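Below is one structure, written out as structure tokens; the observations come after it.
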Amino acid sequence: QHREGELRHAVEQQQFELFYQPLLHAGAGHLAGFEALLRWRHPERGHVPPAEFIPLAEETALIRPLGAWVLEQACREAARWPGSLKVAVNLSPVQFVQGELLDGVRHALDASGLDAARLELEITESVLLRNSDETLLLLRQMQALGVQISMDDFGTGYSSLSYLRSFPFNKIKIDRAFVRTLADGKGSLEIIRAAVGLGRALNMKVLAEGVETPAELATLRAEGCDEVQGFLFSRPVPSAEAWRLIARDQ
Ligand code: G
Ligand code: G
Ligand code: MN
Ligand code: NA
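The numbering used here puts the sequence shown at residues 837 to 1086.
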């Protein structure tokens, strides 16, 4: 009850900030864009990570206004970046409300002037688990606006493969669990290779998450991943720091 009130107050007061983590083209290592990641600027506790408040925001549906703010803020920021850079925004299943989500995306694009093709929406299969007819319709409507749709945390759910059949994702993001275990000889390399093959066959880009070492990068390049993301390149950083990364990349 107390925590819910505090979170509600934070949403009203806009005590939030977006951090940005670079997405890189695997080949030359140039910037492809950034993933926007939410932080709560708590007056006493400092930056609170999303794992500590997103579950409550979902239970209370506060993620709906908060998610609308994230979309608006991310698009406004990205509209000022060089036109080659995209912004990726995570969507919660709770945001999949007929009418509301599509309007929110349209509004974020209109208000910022961002080209729809530069916005990537990341969903996990938990989005598709519930109410999947309505959800698929919404995803198609967003794609019709020109927005890109990515499947996040690929490979960790129960039925990632069947969802690739029901929806034409533009990108799959291979979960960092596979990258972390690349070297242990227990199948992660083969799974990543298969995901790259699927991406090629189904016309989807393939990004590998959680890249932390040069050896992992070399392997992912050799396997043909299109994009990479991880602490090897940068942690999620505040907007000003993202601008420095952009300047360095030009
Ligand atoms: O930045 P960090 O590693 O702490 O993020 C942890 C998780 O929180 C991410 O993997 C993502 O699933 C979730 N998350 C971060 N930002 C957002 C956001 O704006 N909306 C939603 N729904 N989830 C987010
Ligand atoms: O679930 P999602 O894919 O949106 O997760 C994004 C989260 O992953 C961010 O919170 C970020 O902090 C975390 N992350 C990004 N790169 C790395 C990495 O190289 N290693 C680890 N351990 N976590 C990472
Ligand atoms: Mn994500
Ligand atoms: Na992920």
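We treat Cβ as the ideally placed atom computed from N, Cα and C, and that holds for glycine. Keep in mind it's a predicted model, so treat the numbers as computed, not measured.
Q) Buried or exposed: which applies to Lys1022, given that a residue is buried once 16 or more other Cβ atoms fall within 10 Å of its Cβ? A) Its Cβ having fewer than 16 others within 10 Å, Lys1022 is exposed.
If contact is defined by three or more beta carbon pairs under 8 Å, each pair taking one atom from either stretch, is the segment 968 to 978 in contact with the segment 993 to 1010?
Remark: three or more beta-carbon pairs, one from each stretch, lie closer than 8 Å, so the segment 993 to 1010 and the segment 968 to 978 are flagged as touching.
DSSP-derived helix/strand/coil call for Val1064: Strand, per DSSP.
- For Arg916, which of Arg839, Glu895, Leu945 and Glu1048 has the nearest alpha-carbon? Of the listed residues, the one whose Cα sits closest to Arg916 is Leu945.
Practice prompt. Please state whether DSSP places His838 in a helix, a strand or coil.
Written response: Here His838 sits in helix by DSSP.
If we count Cβ pairs, one from each stretch, closer than 8 Å, do we get three or more for the segment 848 to 862 versus the segment 1064 to 1071?
Yes, the segment 848 to 862 is in contact with the segment 1064 to 1071.
> Closer than 7 Å: is that where the CB of Val1064 sits relative to any heavy atom of ligand 1?
Replying inline: Not so, every heavy atom of ligand 1 lies at least 7 Å from the Cβ.
Could you tell me the alpha carbon to alpha carbon distance between Trp1079 and Thr960, rounded to whole angstroms? Rounded to whole angstroms, the separation of the alpha carbons of Thr960 and Trp1079 is 28 Å.
With distances taken Cα to Cα, identify the nearest neighbour of Arg1088 among Val983, Leu854, Gln850 and Thr1017.
Lying outside 837 to 1086, the shown extent of the chain, residue 1088 is not represented and no answer is given.
Taking only the alpha-carbon atoms, compute the straight-line gap between Ala980 and Asp939 and give it to the nearest angstrom. In a straight line, the C-alpha of Ala980 is about 13 Å away from that of Asp939.
Checklist entry - Do Val941 and Leu907 have their CB atoms nearer than 8 Å? => result Against a cut-off of 8 Å, the Cβ pair of Leu907 and Val941 comes out as a contact.
Would you say the segment 1030 to 1048 touches the segment 840 to 851, given that touching needs at least three Cβ pairs under 8 Å? Contact between the segment 1030 to 1048 and the segment 840 to 851 is absent: fewer than three C-beta pairs spanning the two stretches fall below 8 Å.
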